[in-house]
Amino acid sequence: MNEGVRTSLNNAQEGAAAAVPLLALERLPDGAFAEVEAVIDGDAESLLLYRDGDHVRAWLNICPHAGRRLDWAPGQFLKSKDGLLVCAAHGASFELRGGECVAGPCRGEALRAVEVTVRDGAVWLA
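Residues are numbered in the working numbering as their position in the sequence shown, beginning at 1, plus a constant of 6.
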(Lines of atoms letter the chains of each structure in order from A; the text may use other names.)
(Lines give C-alpha, C1' and ligand atoms only; values in the text may rest on other atoms or scores of the structure.)
Protein backbone atom coordinates (compact mmCIF):
# COMPACT_ATOMS: atom_id res chain seq x y z
CA MET A 7 0.00 0.00 0.00
CA ASN A 8 1.21 3.48 -0.72
CA GLU A 9 0.05 6.51 1.26
CA GLY A 10 -1.64 9.08 -0.93
CA VAL A 11 -2.84 12.63 -0.79
CA ARG A 12 -6.43 13.60 -1.52
CA THR A 13 -7.43 17.12 -2.43
CA SER A 14 -10.58 18.69 -3.76
CA LEU A 15 -10.91 21.78 -5.89
CA ASN A 16 -14.15 23.68 -5.50
CA ASN A 17 -14.15 25.96 -8.53
CA ALA A 18 -17.46 27.32 -9.68
CA GLN A 19 -16.15 28.11 -13.17
CA GLU A 20 -14.17 25.89 -15.50
CA GLY A 21 -11.95 28.86 -16.43
CA ALA A 22 -11.04 29.30 -12.79
CA ALA A 23 -9.75 25.71 -12.64
CA ALA A 24 -6.90 26.55 -15.01
CA ALA A 25 -5.75 29.29 -12.64
CA VAL A 26 -5.55 26.96 -9.63
CA PRO A 27 -2.85 24.29 -9.24
CA LEU A 28 -3.99 20.71 -8.69
CA LEU A 29 -1.51 20.13 -5.88
CA ALA A 30 1.66 21.59 -4.39
CA LEU A 31 4.51 19.32 -5.50
CA GLU A 32 5.89 19.14 -1.95
CA ARG A 33 2.67 17.38 -0.85
CA LEU A 34 3.37 14.49 -3.23
CA PRO A 35 6.46 12.49 -2.18
CA ASP A 36 8.54 10.84 -4.88
CA GLY A 37 7.01 7.47 -5.82
CA ALA A 38 3.66 8.32 -4.21
CA PHE A 39 0.10 8.72 -5.49
CA ALA A 40 -2.46 11.45 -4.94
CA GLU A 41 -6.11 11.81 -5.87
CA VAL A 42 -7.33 15.24 -6.90
CA GLU A 43 -10.50 16.55 -8.45
CA ALA A 44 -10.43 18.72 -11.53
CA VAL A 45 -12.75 19.92 -14.27
CA ILE A 46 -11.98 18.11 -17.54
CA ASP A 47 -14.07 18.93 -20.63
CA GLY A 48 -16.67 20.57 -18.40
CA ASP A 49 -17.04 17.60 -16.03
CA ALA A 50 -15.69 17.16 -12.50
CA GLU A 51 -13.31 14.20 -12.59
CA SER A 52 -11.23 12.29 -10.07
CA LEU A 53 -7.59 12.20 -11.16
CA LEU A 54 -4.78 9.93 -10.04
CA LEU A 55 -1.39 11.66 -9.83
CA TYR A 56 1.91 9.77 -9.61
CA ARG A 57 5.22 11.46 -8.90
CA ASP A 58 8.41 10.14 -10.48
CA GLY A 59 11.21 12.50 -9.43
CA ASP A 60 10.53 15.92 -10.91
CA HIS A 61 7.84 14.52 -13.22
CA VAL A 62 4.19 13.89 -12.45
CA ARG A 63 1.90 11.66 -14.50
CA ALA A 64 -1.88 11.84 -14.32
CA TRP A 65 -4.75 9.58 -15.33
CA LEU A 66 -8.47 9.51 -14.77
CA ASN A 67 -9.08 7.53 -11.57
CA ILE A 68 -11.07 4.90 -13.48
CA CYS A 69 -10.12 1.30 -14.22
CA PRO A 70 -10.77 0.43 -17.90
CA HIS A 71 -12.04 -3.03 -16.87
CA ALA A 72 -15.28 -2.08 -15.16
CA GLY A 73 -15.24 1.71 -14.89
CA ARG A 74 -14.68 1.67 -11.14
CA ARG A 75 -12.29 3.86 -9.17
CA LEU A 76 -8.78 2.53 -8.72
CA ASP A 77 -8.36 3.58 -5.08
CA TRP A 78 -9.50 1.29 -2.24
CA ALA A 79 -10.50 4.35 -0.17
CA PRO A 80 -10.52 7.98 -1.34
CA GLY A 81 -6.91 8.89 -2.16
CA GLN A 82 -5.50 5.50 -1.06
CA PHE A 83 -3.93 3.45 -3.84
CA LEU A 84 -2.26 0.05 -3.88
CA LYS A 85 1.25 -0.37 -5.27
CA SER A 86 2.71 -3.85 -5.77
CA LYS A 87 6.19 -4.85 -4.66
CA ASP A 88 7.04 -4.74 -8.40
CA GLY A 89 6.07 -1.06 -8.55
CA LEU A 90 2.74 -1.49 -10.34
CA LEU A 91 -0.49 0.36 -9.56
CA VAL A 92 -3.11 -2.23 -8.58
CA CYS A 93 -6.85 -1.65 -9.00
CA ALA A 94 -8.49 -2.29 -5.65
CA ALA A 95 -11.67 -3.70 -7.24
CA HIS A 96 -10.39 -6.52 -9.47
CA GLY A 97 -6.59 -6.54 -9.15
CA ALA A 98 -5.70 -5.22 -12.59
CA SER A 99 -2.04 -4.06 -12.55
CA PHE A 100 -0.81 -0.99 -14.41
CA GLU A 101 2.72 0.12 -15.20
CA LEU A 102 3.39 3.70 -14.18
CA ARG A 103 5.13 5.01 -17.31
CA GLY A 104 2.13 5.00 -19.62
CA GLY A 105 -0.66 3.45 -17.55
CA GLU A 106 -0.84 0.20 -19.55
CA CYS A 107 -2.55 -2.76 -17.89
CA VAL A 108 0.04 -5.55 -17.76
CA ALA A 109 -1.93 -8.09 -15.70
CA GLY A 110 -5.54 -8.75 -14.82
CA PRO A 111 -8.91 -8.52 -16.55
CA CYS A 112 -8.07 -5.52 -18.78
CA ARG A 113 -4.59 -6.63 -19.93
CA GLY A 114 -3.50 -4.60 -22.97
CA GLU A 115 -5.81 -1.68 -22.24
CA ALA A 116 -4.58 1.52 -20.60
CA LEU A 117 -5.64 4.20 -18.17
CA ARG A 118 -6.83 7.44 -19.78
CA ALA A 119 -3.97 9.92 -19.48
CA VAL A 120 -4.51 13.55 -18.50
CA GLU A 121 -1.80 16.05 -19.43
CA VAL A 122 -0.29 17.84 -16.44
CA THR A 123 2.78 20.00 -15.99
CA VAL A 124 4.98 20.89 -13.04
CA ARG A 125 5.81 24.57 -12.64
CA ASP A 126 6.29 27.04 -9.82
CA GLY A 127 6.42 24.17 -7.30
CA ALA A 128 2.96 22.84 -8.18
CA VAL A 129 1.15 20.42 -10.49
CA TRP A 130 -1.15 22.04 -13.05
CA LEU A 131 -3.45 20.83 -15.81
CA ALA A 132 -1.53 21.31 -19.07
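Idealized CB from N, CA, C, for every residue including glycine.
Assign residue 77 to buried or exposed, taking buried as 16 or more other Cβ atoms, counted over all protein chains shown, within 10 Å of its Cβ.
-> Taking the first residue of the sequence shown as position 1, residue 77 is located at position 71. The residue is buried, with at least 16 neighbouring Cβ atoms inside 10 Å.
Select from 62, 31, 94 the residue whose C-alpha is nearest the C-alpha of residue 122.
-> In the sequence shown, the residue the question calls residue 122 occupies position 116. Among 62, 31, 94, the Cα nearest to that of residue 122 belongs to 62.
In terms of DSSP beta bridges, what is residue 79 paired with?
-> Taking the sequence shown and counting its residues from 1, one reaches residue 79 at position 73. Residue 79 is bridged to 82.
Determine the closest residue to residue 43 out of 55, 35, 32, with distance taken between C-alpha atoms.
-> Here residue 43 refers to the residue found at position 37 of the sequence shown. Residue 55 is the option with its Cα nearest to residue 43.
Residue 114 to residue 70, Cα distance in whole Å?
-> Numbered from 1 along the sequence shown, position 108 holds the residue referred to as residue 114. Numbered from 1 along the sequence shown, position 64 holds the residue referred to as residue 70. Taking the straight line joining both Cα atoms gives about 10 Å.
Helix, strand or coil: how does DSSP classify residue 117 here?
-> Here residue 117 is taken as the residue at index 111 of the sequence shown, counted from 1. Residue 117: coil per DSSP, three-state reduction.
Taking only the alpha-carbon atoms, compute the straight-line gap between residue 64 and residue 100 and give it to the nearest angstrom.
-> Stepping through the sequence shown from its first residue, residue 64 is reached at position 58. Stepping through the sequence shown from its first residue, residue 100 is reached at position 94. Their Cα atoms are separated by approximately 13 Å.
Beta strand (DSSP E) containing residue 107: first to last residue?
-> Along the sequence shown, one-based indexing puts residue 107 at 101. That run of the beta strand (DSSP E) goes 107 to 109.
Taking buried to mean at least 16 other C-beta atoms within 10 Å of its own C-beta, is residue 41 buried or exposed?
-> Counting from one through the sequence shown, the residue named residue 41 turns up at place 35. Residue 41 is buried by the Cβ-count criterion.
Indicate whether residue 29 and residue 129 have their beta-carbon atoms separated by less than 8 Å.
-> Residue numbering aside, residue 29 sits at position 23 when the sequence shown is read from its first letter. Residue numbering aside, residue 129 sits at position 123 when the sequence shown is read from its first letter. It is a contact, given that the beta carbons lie within the stated cut-off.
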